[in-house]
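Peer 1:
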Amino acid sequence: MVTVTGLSKSLDGRQVLRSIDLDVRRGEIMALVGPSGGGKSTLLRCLNRLLEPDEGTITFQGTDIRDVPPVTLRRSLVLVPQESVMFPGTVYANVAYGPALQGTADHEHVVRCIADAGLPSSLVHRPADKLSGGEKRRVALARALALRPDVLLLDEPTAGVDPKNVETVEQHIVEFSRSRGLTVLWVTHDVSQAKRVSHRTAGLRDGTVGEINATDSFNWEGVY
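Heads up: the sequence shown is residues 630 to 853, going by my numbering.
#1: Between residue 835 and residue 673, is the Cβ-Cβ spacing less than 7 Å?
#2: Would you mind sorting residue 754 into buried or exposed? The rule is 16 or more other CB atoms within 10 Å of its CB.
#3: Please go through the same chain and pick out, in chain order, the residues whose beta-carbon is closer than 8 Å to the beta-carbon of residue 727, but skip the five residues on each side of it.
#4: Helix, strand or coil: how does DSSP classify residue 737 here?
#5: Quick one: complete alpha helix (DSSP H) runs, 4+ long, within the segment 681-753?
#6: Got a sec, what are the start and stop residues for the beta strand (DSSP E) residue 843 sits in?
#7: Ignoring anything shorter than 4 residues, give me the alpha helix (DSSP H) runs that lie fully in the segment 751-817, in order along the chain.
#8: So the beta strand (DSSP E) residue 676 belongs to, where does it begin and stop?
#9: At a cut of 8 Å, does the segment 657-675 reach the segment 815-830 through at least three beta carbon pairs?
#10: Could you pull out every residue in the same chain whose Cβ sits closer than 7 Å to the Cβ of residue 723, ignoring the five residues on either side in sequence?
#11: Bridge partners of residue 832, per DSSP?
#12: Can you tell me which residues form a DSSP beta bridge with residue 641?
#13: Would you call the segment 790-807 and the segment 817-833 in contact, with 3 or more CB pairs under 8 Å?
#14: Cutting at 8 Å between CB atoms, please list the residues of its own chain near residue 644, excluding the five before and the five after it.
#15: Between the C-alpha atoms of residue 682 and residue 667, what's the straight-line distance to the nearest angstrom?
#16: Given a cut-off of 7 Å, decide if residue 671 and residue 650 are closer than it, judged by their beta-carbon atoms.
Printed below as a string of structure tokens:
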């Protein structure tokens, strides 16, 4: 589905990623784990061309992503970043915005995505910029789901979410992946979360991918 070969990237004179090789399979949830500053967020940004690698290639469904216009690519590989910036308007307006631009606005789909992100119906018409940090992260997730992506790139999607809602969000993403064949690359610092949600885990430390293995066989001590 998504194949990374020999990818390297430097930022501000520091090499952040070094010769990354990674293959994310169709329909799987892969956890990307490792210490802070290891390059996980940078890799996600390279995958949907918010950053361009210095070396190496990334292919999506067999096509080099450099041959795909960034706007087109980002409809299929949708990134949910750590920073949840809200558009003006309500929660509903935020989630409906992307589909409206694509000409695929569907009220039932928008409402379902809001629920799938673990947001209660009482927040649908609330101004998005008045929400808590955790609620804003769930709005950002709902916006991504509403675009009907092929691949979801999640950068710590439950950071700042109330502990009682973390499992709900996890369950919705897992079910969304299962029911729609959605491929997910999920960055997390939480070992327990990776074990709960992912089929396979890749360890990224000091800019280099080490072990890639089935999550239940992964050597956690080798990456932390």
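Positions of the beta carbon are idealized from the N, C-alpha and C atoms, including for glycine.
Peer 2: Looking at the atomic coordinates:
#1: On the sequence shown, residue 835 is found 206 positions in, with the first residue counted as 1. On the sequence shown, residue 673 is found 44 positions in, with the first residue counted as 1. Contact: no.
#2: Start at 1 with the first residue of the sequence shown, and residue 754 comes out as number 125. Exposed, because fewer than 16 other Cβ atoms sit within 10 Å of the Cβ of residue 754.
#3: Your numbering for residue 727 matches position 98 in the sequence shown. Same-chain partners within the cutoff: 772, 775, 776.
#4: Indexing the sequence shown from 1 puts residue 737 at position 108. In the structure shown, residue 737 sits in a helix (DSSP, three-state: H, G or I).
#5: 699-705, 720-731, 736-745
#6: Looking up residue 843 in the sequence shown gives position 214. Looking at the DSSP string, the run of the beta strand (DSSP E) that includes residue 843 is 837-843.
#7: 762-775, 792-809
#8: Indexing the sequence shown from 1 puts residue 676 at position 47. Where residue 676 is concerned, there is no enclosing beta strand (DSSP E), although the alpha helix (DSSP H) it sits in stretches over 669-676.
#9: yes
#10: For the purposes of this step, residue 723 is identified with residue 94 of the sequence shown, where counting begins at 1. Answer for residue 723: 715, 716, 757, 768, 772, listed in chain order.
#11: For this step, residue 832 is matched to residue 203 along the sequence shown. Its beta-bridge partners are 662.
#12: Locating residue 641 in the sequence shown gives position 12, counting from the first residue. Looking at the DSSP assignment, residue 641 forms no beta bridge with any residue, so it has no partner.
#13: yes
#14: Here residue 644 corresponds to residue number 15 of the sequence shown, with the count starting at 1. These residues qualify, in order along the chain: 637, 638, 836.
#15: Position 53 of the sequence shown holds residue 682. Position 38 of the sequence shown holds residue 667. One C-alpha to the other measures close to 16 Å.
#16: Within the sequence shown, residue 650 is the residue found at index 21, counting from 1. Within the sequence shown, residue 671 is the residue found at index 42, counting from 1. The answer is no: Cβ separation not under 7 Å.
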